[in-house]
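Participant: One structure, as structure tokens, below. Some questions next.
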Amino acid sequence: MTTNKNQIIINGNNFSFEQGETILNVARKNDIDIPTLCELKGASPTGACRICVVEVKGAKALMTACSTPVANGMDVMTESPDVISSRKETLNLLLASGNHNCAISGAKDWTRFQLNVCKEEDNNEELCPSWGECKLQDLCFSYQATGGQYQQNRTKYPAELANPFIIRDFSRCILCGRCVQACNEIQVNEAINFGYRGSDTKIVAAGDRPLKDSDCVFCGECVQACPVGALVEKNARYTARPWKTEKIKTTCTYCGVGCQIFLHIRNNKIIKVTGDATSSPNYGSLCVKGRFGFDFVNSSERLSSPLIRKDGELKEATWAEALNLIANKFSEIKENYGGDSIGVLTSARITNEENYIANKFTRAVLNTNNIDHCARL
Amino acid sequence: MTNTIADIEKADVILVTGSNTTENHPVISSFIKRAVKFKNKKLIVIDPRKIKLAEFADIWIRPALGADVAWINGLMHVIIKEDIYDKKFVEERTVGFEQIKEMTAKFTPEYVEKITEIPADKIIETARLYAGAKAGSILYCMGITQHTTGTDNVKSLANLAMLCGNLGIEGGGVNPLRGQNNVQGACDMGGLPDVYSGYQKVMLPEMRKKMEAAWDVPVLPDKPGLKATEMIPKAHTGELKALYVIGENPLVSDPDLNHAKKCIEKLDFMVVQDIFLTETAKIADVVLPSKCFAEKEGTFSNTERKIQRVRKAIEAPVQAKEDWQIISEIAGKMNYSMRYENAEEIMKEIASVTPSYGGITYDRLEKEGGIHWPCPNTEHPGTPILHVGAFPIGKGVFNPIDYIEPAEKTDEEYPVYLTTGRVIYHYHTGTMTMKSEGLNERAPECFVEITNEDAEKYKLIEGVKVSIASRRGEINAIVKISKKAVSGTVFIPFHFANAAANTLTNGALDPISKIPEFKVCAVKLSPL
Chain Y
1 MTTNKNQIII
11 NGNNFSFEQG
21 ETILNVARKN
31 DIDIPTLCEL
41 KGASPTGACR
51 ICVVEVKGAK
61 ALMTACSTPV
71 ANGMDVMTES
81 PDVISSRKET
91 LNLLLASGNH
101 NCAISGAKDW
111 TRFQLNVCKE
121 EDNNEELCPS
131 WGECKLQDLC
141 FSYQATGGQY
151 QQNRTKYPAE
161 LANPFIIRDF
171 SRCILCGRCV
181 QACNEIQVNE
191 AINFGYRGSD
201 TKIVAAGDRP
211 LKDSDCVFCG
221 ECVQACPVGA
231 LVEKNARYTA
241 RPWKTEKIKT
251 TCTYCGVGCQ
261 IFLHIRNNKI
271 IKVTGDATSS
281 PNYGSLCVKG
291 RFGFDFVNSS
301 ERLSSPLIRK
311 DGELKEATWA
321 EALNLIANKF
331 SEIKENYGGD
341 SIGVLTSARI
351 TNEENYIANK
361 FTRAVLNTNN
371 IDHCARL
Chain W
378 MTNTIADIEK
388 ADVILVTGSN
398 TTENHPVISS
408 FIKRAVKFKN
418 KKLIVIDPRK
428 IKLAEFADIW
438 IRPALGADVA
448 WINGLMHVII
458 KEDIYDKKFV
468 EERTVGFEQI
478 KEMTAKFTPE
488 YVEKITEIPA
498 DKIIETARLY
508 AGAKAGSILY
518 CMGITQHTTG
528 TDNVKSLANL
538 AMLCGNLGIE
548 GGGVNPLRGQ
558 NNVQGACDMG
568 GLPDVYSGYQ
578 KVMLPEMRKK
588 MEAAWDVPVL
598 PDKPGLKATE
608 MIPKAHTGEL
618 KALYVIGENP
628 LVSDPDLNHA
638 KKCIEKLDFM
648 VVQDIFLTET
658 AKIADVVLPS
668 KCFAEKEGTF
678 SNTERKIQRV
688 RKAIEAPVQA
698 KEDWQIISEI
708 AGKMNYSMRY
718 ENAEEIMKEI
728 ASVTPSYGGI
738 TYDRLEKEGG
748 IHWPCPNTEH
758 PGTPILHVGA
768 FPIGKGVFNP
778 IDYIEPAEKT
788 DEEYPVYLTT
798 GRVIYHYHTG
808 TMTMKSEGLN
818 ERAPECFVEI
828 TNEDAEKYKL
838 IEGVKVSIAS
848 RRGEINAIVK
858 ISKKAVSGTV
868 FIPFHFANAA
878 ANTLTNGALD
888 PISKIPEFKV
898 CAVKLSPL
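Line by line, the protein sequences are chains Y and W. The numbering of the first sequence is our numbering, which starts it at 1 and goes up by one. The numbering of the second sequence is our numbering, which starts it at 378 and goes up by one.
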């Protein structure tokens, strides 16, 4: 700490920085927590929500940490009384901006209302579907913002339910713009943007048409980016609260990109799929198939038993019957016509381990190199 | 891919050809779109359809179907003539430059225009843009490979990349985008007729010896086996008696389906192992239920050669088994013991016999998240970029390649070209995606994409079903007038079994890779 070049002070401690970094970057690098709402990794900062404000010595007003570049010698306080009171005020305004009832205390039977989320089937539309995984709710808890000081705004825009995947509930939208950035700067599908002005502001697609009639390709990046309950997966809504599901990290089963995903599991069923924001190659991004195309797993059409053709029809059989028949037939054909009269089509869908076993079986047991898969198709 | 997905954003110029990236690899398409929109990178799209990505491109050029060797040679012609190739790279790292110079001499922009219908000045402009990049990345997909000249097309792209020194560097590369979750892994693991795992050739006695010892068998067969597209016709001639199909659906995915079905019906015995009763399973002798990806442990290798874990999240339907278990049990009944505790134990064996997977362990995958092969030992960090400093064979070899016409041309009876492909909402033969109501709502049925001009010409009406016929068969599909189409060519996705585009496609194969020419055939359109 001998030289003052490229040094700033945060909460009384010196830190070095690189040109072009924001206050938020430097703080995060040094494990100093500054809360954010509208900030989206990989997109340009907008400073829209003003939750990340910090006090900079000598500045007339509080500054947004996400969009303020650091300058040499800057002296920053991230949790000063002014900062805390500003954030609390911002949160109270956000709570009043729409249908955000989870933090507002004082109402009659509020506790019972809140505890509804613990019920097995709580699909009470009054309780936000994002209860328990909402950034606004978390921040209100942290800053003890209870709302109620301002009159609650009722949106004039009805929720959009007219597509198979995404519910847009404008009553719960805080206009942070994360979805707009996710769509335009991360996926670059350019389907949604801010529309109208002032208190009429709304996130719109293609001149305020439903998503299904816009350029939207239902990648769901906006849903994953939404910090509140304004954008939720249609099929997952009210199926299970987040603390009742188990998250398993795995690799997507569709194309060759190999997106890293979380399967959200409840009662042996996939409830929803989200992208793992911390892993390459996709860093949280997914496509419509990866995010919404998992119904096949629990489909009632899944094969449930071995089948053997008898009298021209496929009929249920035991594993022992099926495997014995296959082993006998393969042995017989190999004996009579040689291994090269048998072919194996292994699969681009199964694991490496399984493909290796198919390769070993074909060559070592059937004694042929007739193995291939659909790489060409 | 020679390079990684993240590397795409590091290229100065991205050349995408034969890849409808926004529909087939949507997440990769975002890397390309971001590079163009926010990082000031240049994009060249070369595709017979005006695909979505073309809207982001600095240059979109439209070659005639099956004319890829011609435009690639044309680019090289200009780059050599204007002396803007990477001399240092060519001199130090390649052989055969004189031959490529000789071959491309006749591919003047004017000559190329005649073959490809690409204006000569666009060839020059494109050549200058690609050659001018410090790092240029080529991304391609089945629009390049699914031709009778598929191998030629790929080799030509490699020639172009070498000429401009775009291999072994960040942001460069020749990058095939692989279509299926583990198509890379199936190839890596010896799911090919001529190689064991890690591309160790069955023809080489030392490789056979090694595998004979590892697998404890006296003699392994020495001649390469049949490719998938060769097996089916051999069933017709009776040379192939039995087929064991694991998680494939050739009765929708193969070319010239009417013929393929006739061939398969001639088999004495067919086993299909799958998660659904597919079109192929319906005519099998034995059907076995498998577990799906969410029900088992294992690994997939993605398009950038990265080995990543697959983890069990739920219990499978009671009777379903893992594919490796089923195969091992059949082996046991054929008096060959294949006993494994779990997938991890199989990976240990893979690592022990596969040099490029030598350093792969589940412990490492857990800690490191994913490892790019080649990774020869447990200390090796993996290889995100191939060919840095040298090629595996030493110097890169230029392959002089001449242009050959596609196997089928339009004529009076079949006046329109058909090219097939996919849509974003479905996957391959639809066995999985068509179980999702939402995906079906977005893409409910087969369609034929056509220009307004052609629709008028053949008296076709938007949204109405028409007949599309080739020399091999006929299907009916809904007319979809689209700005993506180019007059003279229609596009049909092949996902839909009830209007299978592969009823129409040509079974003509590339002589080396045996890939069918899905991207070019001649059809006629008529109102029903």
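Using N, Cα and C, we set each Cβ at its ideal position, and we do this for glycine too.
For I781 of chain W, does the count of other Cβ atoms within 10 angstroms reach 16, so buried, or fall short, so exposed?
Facilitator: Looking up residue 781 of chain W in the second sequence gives position 404. The residue is exposed, with fewer than 16 neighbouring Cβ atoms inside 10 Å.
Participant: Could you say which of W:P601, W:W701, W:A619 lies nearest to R353 of chain W if we only look at CA atoms?
Facilitator: This structure leaves residue 353 of chain W out entirely; chain W is present only between 378 and 905.
Participant: What does the Cβ neighbour count give for N13 of chain Y, buried or exposed, with the cut at 16 atoms within 10 Å?
Facilitator: Along the first sequence, read from residue 1 onward, the residue named residue 13 of chain Y stands at position 13. Per the 10 Å Cβ criterion, exposed.
Participant: Along the chain, where does the beta strand (DSSP E) that runs through I420 of chain W open and close?
Facilitator: As a first step, residue 420 of chain W is located in the second sequence; it is residue number 43 there, counting from the start. Per the sequence shown, residue 420 of chain W should be read as Leu rather than Ile. Looking at the DSSP string, the run of the beta strand (DSSP E) that includes L420 of chain W is 419-423.
Participant: Under the three-state reduction of DSSP, which class applies to P627 of chain W: helix, strand or coil?
Facilitator: The residue labelled residue 627 of chain W in the question sits at position 250 within the second sequence. Helix, per DSSP.
Participant: Under 6 Å Cβ to Cβ from R682 of chain W, same chain only, skipping five residues before and after it: list those, please.
Facilitator: As a position in the second sequence, residue 682 of chain W is number 305, starting the count at 1. H749, W750, listed in sequence order.
Participant: Spatial neighbours of P666 of chain W within its chain, please: C-beta separation below 6 Å, excluding the five flanking residues on both sides.
Facilitator: Translated into positions along the second sequence, residue 666 of chain W becomes position 289. Contacts found: Q696, A697.
Participant: Looking at C-beta atoms only, is the number of pairs between the segment 301-316 of chain Y and the segment 228-248 of chain Y that lie closer than 8 Å three or more?
Facilitator: The segment 301-316 of chain Y vs the segment 228-248 of chain Y: no contact.
Participant: What does a CB cutoff of less than 7 Å around R178 of chain Y pick up in its chain, not counting 5 residues either side in sequence?
Facilitator: As a first step, residue 178 of chain Y must be located in the first sequence, where it is residue number 178. Excluding residues within five positions, the ones whose Cβ falls inside 7 Å are C38, L40, A225, C226, P227.
Participant: How about T355 of chain Y and G568 of chain W: are their beta carbons less than 8 Å apart?
Facilitator: Position 355 of the first sequence, counted from the first residue, corresponds to residue 355 of chain Y. Position 191 of the second sequence, counted from the first residue, corresponds to residue 568 of chain W. In the sequence as displayed, the identity of residue 355 of chain Y is Asn instead of Thr. Yes, the Cβ-Cβ distance between N355 of chain Y and G568 of chain W is below 8 Å.
Participant: Do D384 of chain W and G550 of chain W come within 8 Å of each other at the CB atom, strictly closer than that value?
Facilitator: Within the second sequence, the letter at position 173 stands for residue 550 of chain W. Within the second sequence, the letter at position 7 stands for residue 384 of chain W. Yes, the Cβ-Cβ distance between G550 of chain W and D384 of chain W is below 8 Å.
Participant: Go through its chain and collect everything with a Cβ distance to G771 of chain W's Cβ below 8 Å, but skip five positions before and after it.
Facilitator: Taking the second sequence and counting its residues from 1, one reaches residue 771 of chain W at position 394. Taken in chain order, the list of residues that qualify is empty.
Participant: What separation, rounded to the nearest whole angstrom, lies between the Cα atoms of L620 of chain W and N883 of chain W?
Facilitator: By 1-based counting over the second sequence, the position of residue 620 of chain W is 243. By 1-based counting over the second sequence, the position of residue 883 of chain W is 506. Looking at the two C-alpha atoms, the distance is approximately 23 Å.
Participant: Are any of the Cβ atoms in chain W nearer than 8 Å to that of E126 of chain Y?
Facilitator: What you label residue 126 of chain Y is simply residue 126 of the first sequence in a count that begins at 1. It does not; no Cβ of chain W falls within 8 Å.
Participant: Which chain W residues sit within Cβ distance under 7 Å of H381 of chain Y?
Facilitator: No information on residue 381 of chain Y is available, as it lies outside the stretch 1 to 377 that chain Y covers here.
Participant: Report the residue from W:T797, W:I492, W:I852, W:T880 whose alpha carbon sits nearest the alpha carbon of K639 of chain W.
Facilitator: Position 262 of the second sequence holds residue 639 of chain W. Comparing Cα positions, the closest option is W:T880.
Participant: Work out the CA separation of A720 of chain W and T36 of chain Y for me, nearest whole Å.
Facilitator: Counting from one through the first sequence, the residue named residue 36 of chain Y turns up at place 36. Counting from one through the second sequence, the residue named residue 720 of chain W turns up at place 343. So the alpha carbons of these two residues sit roughly 42 Å apart.
Participant: Tell me whether S142 of chain Y sits in a helix, a strand or coil according to DSSP, three-state version.
Facilitator: Mapped onto the first sequence, residue 142 of chain Y falls at position 142. The answer is helix: DSSP assigns S142 of chain Y an H, G or I state.
Participant: When you compare only the Cα positions, how much space is there between M580 of chain W and N367 of chain Y?
Facilitator: Translated into the one-based positions of the second sequence, residue 580 of chain W becomes position 203. Translated into the one-based positions of the first sequence, residue 367 of chain Y becomes position 367. When rounded, the distance between both Cα atoms is 14 Å.
Participant: In chain W, which residues lie with their C-beta within 7 Å of the C-beta of V297 of chain Y?
Facilitator: To locate residue 297 of chain Y, count along the first sequence from 1; it is residue 297. Within 7 Å Cβ-Cβ: C669, A671.
Participant: What residues in its chain sit with their C-beta under 6 Å from that of I271 of chain Y, if we drop five residues either side in the sequence?
Facilitator: In the first sequence, counting from the first residue as 1, residue 271 of chain Y sits at position 271. A236, T239, A240, T245, H264, listed in sequence order.
Participant: What residues are listed by DSSP as bridge partners for Q149 of chain Y?
Facilitator: Looking up residue 149 of chain Y in the first sequence gives position 149. Answer is none; Q149 of chain Y lacks a bridge partner.
Participant: What is the DSSP secondary structure of S304 of chain Y, reduced to helix, strand or coil?
Facilitator: To locate residue 304 of chain Y, count along the first sequence from 1; it is residue 304. Coil at S304 of chain Y, not helix or strand.
Participant: Please classify D31 of chain Y as buried or exposed, where buried requires at least 16 neighbouring CB atoms within 10 angstroms.
Facilitator: In the first sequence, residue 31 of chain Y corresponds to position 31, counting from 1. Flag for D31 of chain Y reads exposed.
Participant: Which residue's Cα is closest to the Cα of L93 of chain Y: Y:L303, Y:N153, Y:T201, Y:S279?
Facilitator: Locating residue 93 of chain Y in the first sequence gives position 93, where the first residue counts as 1. Nearest C-alpha to L93 of chain Y: Y:N153.
Participant: Please confirm if E89 of chain Y has its CB atom under 8 Å from at least one CB of chain W.
Facilitator: Start at 1 with the first residue of the first sequence, and residue 89 of chain Y comes out as number 89. Chain W, which has no Cβ nearer than 8 Å to the Cβ of E89 of chain Y, makes this no.
Participant: Considering only C-alpha positions, which residue in the set W:K673, W:N679, W:T680 is nearest to A690 of chain W?
Facilitator: Along the second sequence, read from residue 1 onward, the residue named residue 690 of chain W stands at position 313. Selected option, being the one with the closest Cα: W:K673.
Participant: Is the shortest distance between the beta-carbon of Y621 of chain W and the beta-carbons of chain Y less than 8 Å?
Facilitator: What you label residue 621 of chain W is simply residue 244 of the second sequence in a count that begins at 1. Yes, Y621 of chain W counts as interfacial toward chain Y.
Participant: What in chain W is Cβ-close to A236 of chain Y, meaning under 7 Å?
Facilitator: Numbered from its first residue, the first sequence carries residue 236 of chain Y at position 236. Residues of chain W passing the Cβ test: none, with the nearest at roughly 12 Å.
Participant: Determine whether the Cβ of K643 of chain W lies closer than 8 Å to any Cβ atom of chain Y.
Facilitator: Position 266 of the second sequence holds residue 643 of chain W. Not one chain Y Cβ lies under 8 Å of K643 of chain W.
Participant: Hey, how far is the Cα of A658 of chain W from the Cα of I342 of chain Y?
Facilitator: Within the second sequence, the letter at position 281 stands for residue 658 of chain W. Within the first sequence, the letter at position 342 stands for residue 342 of chain Y. Approximately 17 Å between the Cα atoms of the pair.
Participant: Among all the DSSP beta bridges, which residues are the ones paired with K249 of chain Y?
Facilitator: The sequence position of residue 249 of chain Y within the first sequence is 249, counting from 1. Note: K249 of chain Y sits in a beta bridge opposite Y:F262.
Participant: When burial is assigned at 16 or more other CB atoms within 10 Å of the CB, is W243 of chain Y buried or exposed?
Facilitator: Locating residue 243 of chain Y in the first sequence gives position 243, where the first residue counts as 1. So W243 of chain Y counts as exposed.
Participant: Quick check on D831 of chain W: buried or exposed, where buried means 16 or more other Cβ atoms within 10 Å of its Cβ?
Facilitator: Walking along the second sequence from the start, residue 831 of chain W turns up at place 454. D831 of chain W should be labelled buried.
Participant: Pull out every residue of the segment 563-586 of chain W whose Cβ sits closer than 8 Å to any Cβ of chain Y, in chain order.
Facilitator: Hits within the stretch, in order: A563, C564, D565, M566, G567, G568, L569, P570, D571, Y573, S574, V579.
Participant: Ignoring anything shorter than 4 residues, give me the alpha helix (DSSP H) runs that lie fully in the segment 292-347 of chain Y, in order along the chain.
Facilitator: Within the segment 292-347 of chain Y, the complete alpha helix (DSSP H) runs of at least 4 residues are 319-337.
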